[in-house]
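S.K.: What follows is a structure written as structure tokens; I'll ask about it next.
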Amino acid sequence: MHVDLARELKAHLSARLARWSGRVTARDAAGRGWARPALGLAPVGRDQAHLAIRLAAKEDADVLVSGLADAVLEEIDVRVIGAVRSLSSPTPEELRRRTRPLAPGLSVAHPAVTAGTLGGFVRVGGRLAILSNNHVLAAGDAAAVGDPVLQPGPADGGVPTTDRVATLTAFERFTADRANRVDAAVAVVDAELPVEPGRLPGGPLGADPVEVDDVEPDEQVEKVGRTTGYTVGRVSAVEVDGVAVQYDEGLYTFDDQIEIDGVAGPFSAGGDSGSVIWRSADRAPLGLLFAGSETGGRTGGGVTFANPLATVLSVLDLQWVAS
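Residue numbers for the sequence shown follow my numbering, beginning at 11 and rising by one.
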């Protein structure tokens with residue numbers, strides 16, 4: 011219908027809602043009552059629009075559209091979107107607690123490590139696993155496949171007797187005689203442990219990681235990590251070679267890395283290692299955070315380095331799980 015007619019229909023139904031406010035009976039015995047639908051316009055062409063009706067539950071439309079002509083009903087775009095809530099970001103304090111279901115951003119670590127971040131979920135050999143860094147899940151090459159992974163990490167109170175959540179399954183070992191590509195490890199989630207891969211600020215990430223060649227400098231990116239929580243940054247350099255990273259066990263260099271600057275202060279800090287970084291524009295997963303400096307960058311709070319996530323998945327033969 012013409013957009014002006016759609017606006018008239020919207021006004022008509024809004025008035026109907028106003029008259030019925032407070033006069034609709036409860037929907038169920040649990041106290042969840044009728045939720046007022048949201049009304050808007052859904053463009054379908056030049057000067058054409060459908061009336062958009064967004065509902066918490068299908069039953070909520072019954073009192074709204076009853077009595078409308080079939081021709082009018084054909085011009086209505088009805089969608090059930092569930093309850094609408096504010097999309098708040100978890101605080102660092104919340105991310106360091108023992109939390110079930112497992113979700114990206116939480117504190118995790120090998121028992122011999124202090125704490126790092128659960129970056130996201132992948133499949134390895136068809137099994138659901140958590141993704142983080144070698145130095146978080148595999149103790150910088152010191153661990154063995156089959157070792158436990160704890161949530162929260164030991165620095166946040168995690169202990170093997172009660173907080174085991176996964177089993178170390180694979181990791182890429184560091185090399186000192188040539189440049190490394192990734193600092194990555196995976197651990198298969200223990201049976202029947204609940205997980206929520208898409209529980210991130212703003213909702214789930216995209217299903218397809220950004221290819222290395224498509225990462226552009228100055229793109230806005232985001233992450234949620236155990237220490238600094240949710241932060242926003244910008245890609246300040248790509249294809250960075252010769253990144254020298256000091257680990258407890260030695261100095262290793264990395265090639266083809268992504269550098270990120272924080273927008274309002276540091277993008278990351280110690281304990282954020284393992285966070286998955288995504289591109290703000292399309293929520294496509296982009297990188298696996300593994301190192302950073304304490305000085306430099308646009309704000310002076312240091313820069314962050316990440317492995318391209320597409321490289322991580324290729325090296326360890328993983329499949330990304332978005333939700």
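Where a beta carbon is used, it is the ideal one built from N, C-alpha and C, also for glycine.
Please list the terminal residues of the continuous alpha helix (DSSP H) segment that includes E103.
M.R.: P102 to L105
S.K.: Considering only residues of the same chain and omitting the five flanking positions on each side of P211, which have a CB-CB separation below 8 Å?
M.R.: Excluding sequence neighbours, P211 sits near L97, S98, S99, P100, E232, V234 and Y240.
S.K.: Can you give, in chain order, each stretch of the beta strand (DSSP E) that sits fully within the region 109-190 and has at least 3 residues?
M.R.: Segments of the beta strand (DSSP E) lying fully in the region 109-190: 130-134, 137-142, 158-160 and 174-181.
S.K.: Leaving out the 5 sequence neighbours to the left and right, which residues in its chain are closer than 6 Å to E304 when beta-carbon positions are compared?
M.R.: G312
S.K.: Buried or exposed: S333, going by 16 or more other Cβ atoms within 10 Å of its Cβ?
M.R.: exposed
S.K.: Report yes or no: do the region 243-254 and the region 143-151 share at least 3 C-beta pairs separated by less than 8 Å?
M.R.: Segment contact: the region 243-254 against the region 143-151, fewer than three CB-CB distances shorter than 8 Å; contact not assigned.
S.K.: DSSP on E249, reduced to helix/strand/coil?
M.R.: strand
S.K.: Could you tell me whether the Cβ atoms of A189 and I268 are closer together than 8 Å?
M.R.: no
S.K.: Tell me whether the beta-carbon of V123 lies closer than 8 Å to the beta-carbon of V146.
M.R.: yes
S.K.: In this structure, does DSSP put V325 in helix, strand or coil?
M.R.: helix
S.K.: Using a Cβ-Cβ cut-off of 6 Å (strictly less than) and excluding sequence neighbours within five positions of P219, which residues of its own chain qualify?
M.R.: P295, L319, A320 and W330
S.K.: Please name the residue or residues paired with I287 in a DSSP beta bridge.
M.R.: G297
S.K.: Around the Cβ of S285, are there at least 16 other Cβ atoms within 10 angstroms (buried) or fewer (exposed)?
M.R.: buried
S.K.: Taking 7 Å as the limit between beta carbons, can you name the residues of its chain near A5, skipping five residues before and five after?
M.R.: Since the first residue of the chain shown is 11 and the last is 333, residue 5 is not available in this structure.
S.K.: By DSSP's criteria, E269 is part of a beta bridge. Which residues make up the other side?
M.R.: A247 and F315
S.K.: For V198, which three-state DSSP category applies?
M.R.: strand
S.K.: Whole angstroms are fine: how far does the CA of E206 sit from the CA of P114?
M.R.: 8 Å
S.K.: Buried or exposed: H91, going by 16 or more other Cβ atoms within 10 Å of its Cβ?
M.R.: Strictly speaking, residue 91 in this sequence is Ile, with His absent from that position. Within 10 angstroms of the beta-carbon of I91 lie fewer than 16 other beta-carbons, which makes it exposed.
S.K.: Return the CA-CA distance between R33 and G55, expressed in angstroms with no decimal places.
M.R.: Reliability of the predicted coordinates at R33 is poor, the pLDDT of 48 falling under 50, and the value obtained from them is presented with this limitation in mind. For R33 and G55, the distance between alpha carbons rounds to 37 Å.
S.K.: Which residues mark the beginning and the end of the beta strand (DSSP E) in which A88 is found?
M.R.: Here residue 88 is Val; the residue named in the question, Ala, does not match the sequence. Where V88 is concerned, the enclosing beta strand (DSSP E) stretches over I86 to V90.
S.K.: Drop a sphere of 10 angstroms on the beta-carbon of Q161, count the other beta-carbons inside from all chains shown, and report buried for 16 or more, exposed for fewer.
M.R.: buried
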